[in-house]
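Respectively, the protein sequence lines represent chains A and D.
Per my numbering, the very first residue in the first sequence carries number 1; after that it's consecutive.
Per my numbering, the very first residue in the second sequence carries number 1; after that it's consecutive.
Number of protein chains: 2
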Amino acid sequence: MKKSKAGRTPRNALYAQSGGVSAVINASACGVIEAARKHRNRIGRIYAGRDGIIGALTENLIDLSRESPATIRGLRYTPAGAFGSARFKLKSIEQNRTEYERLIEVFRAHDIGYFFYNGGNDSMDTAWKISQIGGTLGYPVVCVGIPKTVDNDLPVTDCCPGFGSVAKYIAVSTLEGGLDVASMARTSTKVFVLEVMGRHAGWIAAAGGLAGRKPSEPPHIILFPEVTFDKDKFLARVKQCVSDYGYCVIVVSEGARYADGKFLAESGTTDAFGHTQLGGVGPVVANMIREAHGYKYHWAVADYLQRSARHVASKTDVDQAYAVGKAAVEYALAGMNAVMPAIKRLSSKPYRWKLVPVPLSEVANVEKKVPPHFITEDGFGITAACRRYLEPLIGGEDPPPYRDGLPDYVRLRGTAVRRKLKTSFQV
Amino acid sequence: MKKSKAGRTPRNALYAQSGGVSAVINASACGVIEAARKHRNRIGRIYAGRDGIIGALTENLIDLSRESPATIRGLRYTPAGAFGSARFKLKSIEQNRTEYERLIEVFRAHDIGYFFYNGGNDSMDTAWKISQIGGTLGYPVVCVGIPKTVDNDLPVTDCCPGFGSVAKYIAVSTLEGGLDVASMARTSTKVFVLEVMGRHAGWIAAAGGLAGRKPSEPPHIILFPEVTFDKDKFLARVKQCVSDYGYCVIVVSEGARYADGKFLAESGTTDAFGHTQLGGVGPVVANMIREAHGYKYHWAVADYLQRSARHVASKTDVDQAYAVGKAAVEYALAGMNAVMPAIKRLSSKPYRWKLVPVPLSEVANVEKKVPPHFITEDGFGITAACRRYLEPLIGGEDPPPYRDGLPDYVRLRGTAVRRKLKTSFQV
Chain A
1 MKKSKAGRTP RNALYAQSGG VSAVINASAC GVIEAARKHR NRIGRIYAGR DGIIGALTEN
61 LIDLSRESPA TIRGLRYTPA GAFGSARFKL KSIEQNRTEY ERLIEVFRAH DIGYFFYNGG
121 NDSMDTAWKI SQIGGTLGYP VVCVGIPKTV DNDLPVTDCC PGFGSVAKYI AVSTLEGGLD
181 VASMARTSTK VFVLEVMGRH AGWIAAAGGL AGRKPSEPPH IILFPEVTFD KDKFLARVKQ
241 CVSDYGYCVI VVSEGARYAD GKFLAESGTT DAFGHTQLGG VGPVVANMIR EAHGYKYHWA
301 VADYLQRSAR HVASKTDVDQ AYAVGKAAVE YALAGMNAVM PAIKRLSSKP YRWKLVPVPL
361 SEVANVEKKV PPHFITEDGF GITAACRRYL EPLIGGEDPP PYRDGLPDYV RLRGTAVRRK
421 LKTSFQV
Chain D
1 MKKSKAGRTP RNALYAQSGG VSAVINASAC GVIEAARKHR NRIGRIYAGR DGIIGALTEN
61 LIDLSRESPA TIRGLRYTPA GAFGSARFKL KSIEQNRTEY ERLIEVFRAH DIGYFFYNGG
121 NDSMDTAWKI SQIGGTLGYP VVCVGIPKTV DNDLPVTDCC PGFGSVAKYI AVSTLEGGLD
181 VASMARTSTK VFVLEVMGRH AGWIAAAGGL AGRKPSEPPH IILFPEVTFD KDKFLARVKQ
241 CVSDYGYCVI VVSEGARYAD GKFLAESGTT DAFGHTQLGG VGPVVANMIR EAHGYKYHWA
301 VADYLQRSAR HVASKTDVDQ AYAVGKAAVE YALAGMNAVM PAIKRLSSKP YRWKLVPVPL
361 SEVANVEKKV PPHFITEDGF GITAACRRYL EPLIGGEDPP PYRDGLPDYV RLRGTAVRRK
421 LKTSFQV
């Protein structure tokens with residue numbers, strides 16, 4: 001193992017992915033790994049947790065030095081979580097000290113001095129907790145969070161890597177699906193409903209609004225989680241659209257809800273974070289329209305397709321995802337603990353941005369929703385200000401290479417790091 | 001109006017789109033119009049029926065001479081039906097002579113000598129009936145069918161324009177969605193169901209099979225309309241997949257059905273052709289799995305997104321769609337009536353093909369299903385022979401131009417042709 005100029009063996013780095021994956025989270029991994037490889041005198045080996053933090057807890061680590069530069073480069077255009085991700089929220093140190101002690105045990109065994117945690121809201125909370133173990137439990141580690149969420153609900157940062165690509169996918173799909181319906185509406189489907197993700201924040205639904213520039217152009221109606229669903233008002237608008245334009249295209253967020261807070265569609269199960277698992281608001285809305293007006297309808301539920309659609313990723317998003325990964329390493333090497341690189345917008349047209357470090361404590365557990373001035377007064381569309389904000393985020397194309405008609409995504413060898421501990425850990 | 005060498009004013013051409021639209025039907029229109037424009041001495045004006053055959057019956061025609069060459073060129077990369085399409089099946093001449101007499105009235109008023117009808121199974125039947133009105137009703141018209149159907153169920157032709165692009169979309173989506181599920185399966189979703197189109201023929205579902213090359217790679221299970229659904233066998237296979245691979249990805253055709261012929265999901269309504277309207281087999285299958293095994297699941301319904309996804313079209317498909325449009329004009333000018341250009345495969349690797357004229361009577365009302373030797377013995381996958389057939393059809397990329405992050409699809413001016421008839425027609 002190389003020694004630094006000072007003669008000390010450089011400490012190793014651990015990278016882990018967390019929460020729902022995206023089309024560009026691996027681009028952030030690529031940024032981390034390529035940046036770390038440039039500093040071999042300061043960062044020793046680079047490991048990844050298999051299935052995220054669970055890999056760290058169970059000493060199930062992937063040795064990234066076994067991956068070729070071409071494979072690492074390929075992560076930039078490969079969607080989903082190449083190392084495995086997990087929905088696993090650490091409790092506070094007071095509530096579950098065992099987990100933190102186990103983490104330290106694994107960190108110590110593998111001389112982990114840098115921890116990079118790539119995730120969303122809940123994950124920045126976990127990253128913040130881990131960043132504190134130097135002070136509370138006496139193990140020195142530099143912990144830097146790397147933003148990732150398709151929901152775009154992290155505060156402080158202008159936007160969140162992962163969002164731009166899902167936004168582009170939804171805008172493109174709304175445009176294309178809208179053209180389809182328009183061409184058949186006279187004798188066939190009059191109403192098309194596209195269900196999109198976004199549990200509490202309607203950013204993805206808002207992105208559908210980019211598809212049209214005039215009231216006559218789809219989507220004619222957007223249903224946001226931020227706007228209380230009013231059935232009568234909604235049904236009246238649908239009827240008006242069909243009367244005025246011959247058809248009606250609706251983009252509905254999975255988080256659309258009634259005045260009492262109840263989601264339009266609740267499947268009744270909950271995920272590991274205790275959030276209600278949603279799905280199926282598309283057919284619920286379509287059926288509501290059929291019952292009221294009898295129009296022929298179709299509905300689509302993009303589900304995972306929207307967040308894994310690397311084939312239609314936004315170049316801006318890919319560039320930002322890579323940049324936050326790279327910056328995380330630079331921040332760590334500059335000795336910054338408990339921070340996250342945030343995107344700061346310098347101008348919208350042309351879109352210019354830079355990265356700035358922000359304390360994890362400012363980011364963790366805060367949800368950024370679509371603000372009122374981004375939603376039209378009737379609650380069914382996006383304003384010009386919203387369009388100005390969103391448009392640069394879907395800008396540019398960055399198609400993956402193709403082979404035999406399909407994207408040529410890379411797969412890791414995923415060589416395991418030899419275990420050093422005799423103890424195991426149950427998650 | 002130009003006169004031909006022989007001194008006669010050249011007769012006009014009418015183009016109409018029919019049935020469900022596709023990502024490349026406008027590429028066929030582009031082929032027709034560009035080819036016709038090269039023969040101004042033989043073909044006078046080029047019109048399109050607004051909303052397909054309905055435009056012809058109601059004398060609602062679009063004057064394509066008012067569209068710029070750039071707009072016509074742009075049709076090559078613009079999805080859905082730019083002129084409007086319709087699900088409207090003509091009865092036989094014996095059953096509804098009025099419709100044919102009205103068509104002739106409109107044709108005569110606008111001196112239509114060439115009729116190009118761009119559609120699928122039902123539409124080739126209509127094209128054939130119209131091709132016969134010269135003999136039966138004494139109005140001379142050359143009628144050429146242009147194949148179009150995302151379902152790929154037309155006989156004789158190697159494949160059908162529209163299918164290659166939806167096949168590519170579904171293969172890419174299965175690949176990407178599969179990577180998403182794989183990366184989260186340990187702590188989250190174990191089962192992912194993607195519902196695809198294909199009422200009676202499982203070609204689109206089969207295309208999902210291109211995403212994986214090994215049994216461990218998604219999709220793990222394909223449900224074809226051609227294979228009777230066996231619930232117990234299916235549920236056992238799902239369990240085996242989750243046990244062997246940690247997760248299970250399923251591509252299910254909307255036409256999947258039980259032994260008694262009943263679709264897994266029937267919404268109970270019918271379309272204009274009398275076909276049962278389907279939708280929702282995805283959630284039905286997902287729920288079946290939850291009830292039996294309790295796995296956490298997600299499902300997606302691509303619906304119209306799959307057939308309008310020009311952004312990820314197959315170049316082979318676009319080329320073929322353009323070519324059949326162009327060939328239709330050439331056949332018509334060669335005096336061939338009641339034919340359709342069919343694609344004849346010359347070799348699979350490399351993929352080489354040519355066009356040959358086939359009689360409409362051989363094509364109309366015949367459905368080409370996925371043959372048994374294309375489906376694995378267990379009924380859940382595609383064979384090597386099927387892969388050899390399908391792979392060339394998704395080959396090559398042909399992305400549209402983008403502007404501000406979105407495909408820059410063209411819109412027609414759609415100038416109406418001045419009506420010449422005093423009579424109207426109720427459709």
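Every residue gets a Cβ at the ideal spot worked out from N, C-alpha and C, and that includes glycine.
Against residue i, what residues of chain A qualify as contacts under a CB-to-CB distance less than 7 Å, listed in chain order?
{"i": "aspartate 125/D", "result": "The contacting residues do not exist; aspartate 125/D stays about 17 Å from chain A at best."}
{"i": "alanine 309/D", "result": "Glu176"}
{"i": "phenylalanine 192/D", "result": "Tyr304"}
{"i": "aspartate 398/D", "result": "Result: empty, since nearest Cβ-Cβ is about 11 Å, beyond 7 Å."}
What residue from the options has the CA that sits closest to residue i's CA?
{"i": "alanine 302/A", "options": "Glu397/A, Tyr351/A, Ala205/A, Val318/A", "result": "Ala205/A"}
{"i": "arginine 102/D", "options": "Arg50/D, Gly55/D, Val284/D", "result": "Gly55/D"}
{"i": "valine 296/D", "options": "Arg199/D, Pro225/D, Thr189/D, Cys386/D", "result": "In the sequence under discussion, the amino acid at residue 296/D is lysine, which differs from the valine named in the question. With distances taken between Cα atoms, lysine 296/D lies closest to Thr189/D."}
{"i": "tyrosine 389/D", "options": "Gly414/D, Asn365/D, Arg345/D, Arg411/D", "result": "Arg345/D"}
{"i": "arginine 237/A", "options": "Val339/A, Leu305/A, Gly379/A", "result": "Gly379/A"}
{"i": "proline 147/D", "options": "Gln95/D, Gly280/D, Ile25/D, Lys231/D", "result": "Ile25/D"}
{"i": "tyrosine 15/D", "options": "Phe115/D, Leu75/D, Asn152/D", "result": "Phe115/D"}
In chain D, what lies closer than 9 Å to residue i by C-beta?
{"i": "glutamate 168/A", "result": "First, the amino acid is wrong: residue 168/A is lysine here, not glutamate. Chain D residues near lysine 168/A: Gly405, Leu406."}
{"i": "leucine 210/A", "result": "Asp404, Gly405, Leu406"}
7 Å is my cut-off, CB to CB: does residue i come that close to chain D?
{"i": "alanine 455/A", "result": "Residue coverage of chain A in this structure runs from 1 to 427, which leaves residue 455/A outside it and unanswerable."}
{"i": "serine 173/A", "result": "yes"}
{"i": "aspartate 317/A", "result": "no"}
{"i": "leucine 154/A", "result": "no"}
{"i": "aspartate 51/A", "result": "yes"}
{"i": "isoleucine 436/A", "result": "Not covered by the structure: residue 436/A. The range shown for chain A is 1 to 427."}
{"i": "serine 216/A", "result": "no"}
{"i": "arginine 345/A", "result": "no"}
{"i": "serine 183/A", "result": "yes"}
{"i": "threonine 270/A", "result": "In this prediction, threonine 270/A has a pLDDT of 47, which is less than 50 and means its spatial position is unreliable; nothing more can be read from the coordinates."}
Can you name the residues of chain A whose CB is closer than 8 Å to the CB of residue i?
{"i": "valine 285/D", "result": "The contacting residues do not exist; valine 285/D stays about 13 Å from chain A at best."}
{"i": "leucine 64/D", "result": "Residues of chain A passing the Cβ test: none, with the nearest at roughly 16 Å."}
Of all Cβ atoms in chain A, is any one closer than 7 Å to the Cβ of residue i?
{"i": "phenylalanine 88/D", "result": "yes"}
{"i": "valine 196/D", "result": "no"}
{"i": "arginine 388/D", "result": "no"}
{"i": "glutamate 67/D", "result": "no"}
{"i": "methionine 431/D", "result": "Here chain D comprises residues numbered 1 to 427, so residue 431/D is not present and cannot be evaluated."}
{"i": "tyrosine 117/D", "result": "no"}
{"i": "aspartate 244/D", "result": "no"}
{"i": "tyrosine 402/D", "result": "yes"}
{"i": "alanine 416/D", "result": "no"}
{"i": "serine 424/D", "result": "no"}
{"i": "threonine 149/D", "result": "no"}
{"i": "serine 188/D", "result": "yes"}
Can you list, in chain order, the residues of its chain whose CB lies under 6 Å from that of residue i, leaving out five sequence neighbours each side?
{"i": "alanine 127/D", "result": "Tyr117, Cys143, Gly145, Leu360"}
{"i": "leucine 57/D", "result": "Arg102, Phe425, Val427"}
{"i": "tyrosine 409/D", "result": "Thr78"}
Use the C-beta contact count for residue i: other C-beta atoms within 10 angstroms, 16 or more gives buried, fewer gives exposed.
{"i": "threonine 136/A", "result": "exposed"}
{"i": "alanine 384/D", "result": "exposed"}
{"i": "arginine 8/A", "result": "exposed"}
{"i": "glycine 138/D", "result": "exposed"}
{"i": "asparagine 365/A", "result": "exposed"}
{"i": "glycine 240/A", "result": "Residue identity check: residue 240/A is glutamine in the sequence provided, not glycine. The residue is exposed, with fewer than 16 neighbouring Cβ atoms inside 10 Å."}
{"i": "threonine 269/A", "result": "In this prediction, threonine 269/A scores a pLDDT of 45, lower than 50, which makes its location untrustworthy; no coordinate-derived value is stated."}
{"i": "aspartate 232/D", "result": "exposed"}
In chain A, what lies closer than 9 Å to residue i by C-beta?
{"i": "tyrosine 409/D", "result": "Leu175, Glu176, Leu179"}
{"i": "isoleucine 54/D", "result": "Arg186, Thr187"}
Looking only at its own chain, which residues have a Cβ that is under 7 Å from the Cβ of residue i, when we skip the five neighbours before and after it?
{"i": "serine 92/A", "result": "Lys129"}
{"i": "valine 227/D", "result": "Ile375, Gly379"}
{"i": "alanine 323/D", "result": "Gly31, Leu355"}
{"i": "serine 131/A", "result": "Cys143, Asn337, Ala338, Leu360"}
{"i": "phenylalanine 229/A", "result": "Leu223, Ala256, Arg257, Tyr258, Leu264"}
{"i": "serine 173/A", "result": "Leu194, Ala302"}
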